[in-house]
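Here the protein sequences line up with chains A and B, keeping their order.
If you read the first sequence in UniProt numbering, its first letter stands for residue 1, the second for the next number, and so on.
If you read the second sequence in UniProt numbering, its first letter stands for residue 1, the second for the next number, and so on.
There are 2 protein chains.
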Amino acid sequence: MPYIAKTITSPHNDEVKALARLVQYSRDRRKEGVMVLEGIHLADACLLAGGALPRVYLNEAAAGKEEVGDLLARLPDGCVVATLPESVMAKVTGLASAGELLALSPRPQPDTPPAQAPRVLLEDIQDPGNLGTILRSAAAAGVYDVFLSKGCVDVFSPKVLRAGMGAHFALRIHEHADLTAELGRFSGRKLVTHLEGSSSLYGHDLSGAVAFVFGNEGAGVSARLLAQADARIRIPMPGHAESLNVAMAATVCLFERVRQLETIASSGQG
Amino acid sequence: MPYIAKTITSPHNDEVKALARLVQYSRDRRKEGVMVLEGIHLADACLLAGGALPRVYLNEAAAGKEEVGDLLARLPDGCVVATLPESVMAKVTGLASAGELLALSPRPQPDTPPAQAPRVLLEDIQDPGNLGTILRSAAAAGVYDVFLSKGCVDVFSPKVLRAGMGAHFALRIHEHADLTAELGRFSGRKLVTHLEGSSSLYGHDLSGAVAFVFGNEGAGVSARLLAQADARIRIPMPGHAESLNVAMAATVCLFERVRQLETIASSGQG
């Protein structure tokens, strides 16, 4: 057993209290430089991507499960695995039914992407589900660099990690980015989606170096970033709905890029 | 004041108890043939689409709001508007903070769509957020007929209505549909998304009469419906993610149809 096993029984244990704060408060997570992974799937995705899991917390009931055993067997030496009673785990997660597993992992510090790499810039995205979905779409579409303004919800919060379904570990996530400076540095096409955009998404070449900018759920993209855009693009909506939410809009844009790349490849020009 | 105003103060009032059951249980909603709309936005969307709101329940605090007054002024004669204390409203909604407004509306009974109308068939979709998002995408993309298998979560549940953001009122929603029979009757192209589909979404003509079939979040589309499909299509994913969820997949498919229609229109062939 390469990891260090321990048992915690008291809900008043200092480590338990600190863990509960990390689950709840982005400030604590940022201060400690960690993210909290909930569930075997996320912990596994983190390990597979080469991430570290220095601390793992297990619900007693989960400790005997085969898939948990498989995960623990792959932990590097020196990891600490603490087993907690269900009641304590429930208190930590703030949910009536305790999760099986929590794990702490260092927040990644990604390198600057290659100058021509396609990218997504997110300004003040507030909804964890939306943010996780955008990450998932970006990872699926092969756009690996995501820049987030300081006003975004914590991208490494448990909710965003859950919605991202492991996408976090496929991406280079650049937190607290100065989006104005990032756009200024970027030499590719800068596209902002806008309900009153002047040109259709489908009229743009998205196959090369492109930065997609998506804005806050209510306010949209700020005037400052809009002014830096090469184009304000609109997703045509022939139907009656008011609009797509930002996650759906991002998915449509990112997969229109996939389509263009596929079309180029299949026509032999790629 | 064309509507009938009343005040309810007791949480033990029979009407309050019945309302709480309608909020919570799909069985009760189906038995009564109603849906429960939460919030002014949904109630407004329902009215604008020609729907009826025979019963409206207002949180006391909301009764004085201008936008609520505007809504009430447009209610047809004979509607009953009951004002409830915040504590009673909170009990009804099952949430710590009471919503402003609940309204009951009859579940629509849509006509059979035109034979060539594009459509979405949903098999056993379980997540209310996914279902609402699919409806929103369909409405935005101008695909107005949605057929749901008996195994889908209640499409008129408060959660699905919330996620649909008013899309329900732009669509013809066919509940408890026999999807096998519907596909059998349909003479257009029948497309099923499948992770191991043999052809790319982007190689298909989606501009005409087309039925998109999307399956359960875990199990996918059943073998029976797969056997009826003209093609099993795959959304190409050049990236690392395992898959898109069903709502994102539906959004990508529906907007690929929008793109094709736009391209035809702009090239003068449409």
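For glycine and all other residues, C-beta sits at the position ideal for the given N, C-alpha and C.
None of the values given here were measured: they were computed from a predicted structure.
- Within the DSSP bridge table, the entry for residue 36 of chain B names B:104 as partners.
- In the DSSP annotation of this structure, the continuous segment of the alpha helix (DSSP H) that includes residue 134 of chain A starts and ends at 128 to 141.
- With a 10 Å radius around the Cβ and a threshold of 16 neighbouring Cβ atoms, residue 224 of chain B comes out exposed.
- Rounded to the nearest whole angstrom, the C-alpha separation of residue 261 of chain A and residue 140 of chain B is 25 angstroms.
- Put simply, the CB of residue 240 of chain A is near chain B, with a gap under 7 angstroms to one of its CB atoms.
- Scanning the UniProt domain "tRNA/rRNA methyltransferase SpoU type" (119 to 255) of chain B from its first residue to its last, the whole beta strand (DSSP E) runs of 3-plus residues come out as 119 to 122, 145 to 148, 172 to 174, 189 to 193, 210 to 214 and 231 to 234.
- Listed along the chain, the chain A residues whose CB falls inside 8 angstroms of the CB of residue 156 of chain B amount to none; the nearest CB is some 18 angstroms away.
- Among the bridge pairs identified by DSSP, residue 81 of chain A is matched with A:5 and A:56.
- In the same chain as residue 227 of chain B, and ignoring 5 residues on each side of it, no C-beta atom comes closer than 6 angstroms to its own.
- Remark: C-beta atoms of residue 152 of chain A and residue 191 of chain A do not approach each other more closely than 7 angstroms.
- Look at residue 112 of chain A here: in three-state DSSP terms it is coil, with no helix or strand label.
- Scanning A:157, A:74 and A:130 for the CA closest to the CA of residue 24 of chain A turns up A:157.
- About 6 angstroms separates the Cβ atoms of residue 136 of chain B and residue 165 of chain B, confirming a contact at the 8 angstroms cut-off.
- One alpha carbon belongs to residue 258 of chain A, the other to residue 200 of chain B, and they sit about 11 angstroms apart.
- Identification of residues in the region 131 to 143 of chain A having a C-beta nearer than 8 angstroms to some C-beta of chain B yields 133, 136, 137, 138, 139, 140, 141, 142 and 143, given in sequence order.
- The alpha-carbon separation between residue 237 of chain A and residue 144 of chain B amounts to approximately 13 angstroms.
- Among the residues facing chain B, residue 3 of chain A is not included, as its CB has no counterpart in that chain under 7 angstroms away.
- Interface annotation, residue 252 of chain B: in contact with chain A, CB-CB separation under 7 angstroms.
- Residue state for residue 117 of chain A is assigned as coil, using DSSP reduced to three classes.
- Using beta-carbon distances, residue 262 of chain A counts as an interface residue toward chain B, with a partner under 7 angstroms.
- Annotation for residue 48 of chain B: 169 place their beta carbon closer than 8 angstroms to its own, counting only its chain and skipping 5 residues before and after.
- In this structure, residue 149 of chain A sits away from residue 195 of chain A, with a CB-CB distance that is not shorter than 7 angstroms.
- Between the alpha carbons of residue 202 of chain B and residue 130 of chain B lies a gap of roughly 23 angstroms.
- Contact note: residue 114 of chain A does not reach chain B at a C-beta cutoff of 7 angstroms; the least C-beta distance is about 16 angstroms.
- The Cβ-Cβ distance between residue 160 of chain B and residue 102 of chain B does not fall below 7 angstroms.
- Interface criterion met: the Cβ of residue 258 of chain B is under 7 angstroms from a Cβ in chain A.
- Nothing from the region 206 to 230 of chain A brings a Cβ to less than 9 angstroms from some Cβ of chain B.
- Residue 105 of chain A and residue 34 of chain A have their alpha carbons spaced roughly 5 angstroms apart.
- Within the model, the alpha-carbon separation for residue 210 of chain A versus residue 116 of chain A is close to 8 angstroms.
- One finds 258 and 262 in chain B with Cβ atoms closer than 7 angstroms to the Cβ of residue 236 of chain A, taken in chain order.
- Residue 147 of chain B is outside the set of residues whose beta carbon lies under 7 angstroms from a beta carbon in chain A.
- Annotated as distal: residue 45 of chain B and residue 100 of chain B, with beta-carbon spacing of 7 angstroms or more.
- The alpha carbon of residue 235 of chain A has as its nearest neighbour, out of A:255, A:222, A:218 and A:219, the alpha carbon of A:255.
- In the three-state reduction of the DSSP assignment, residue 65 of chain B falls in the coil class, being assigned neither a helical nor a strand state.
- Interface criterion not met: the Cβ of residue 95 of chain B is under 7 angstroms from no Cβ in chain A.
- DSSP places residue 21 of chain B in the uninterrupted alpha helix (DSSP H) bounded by 14 to 24.
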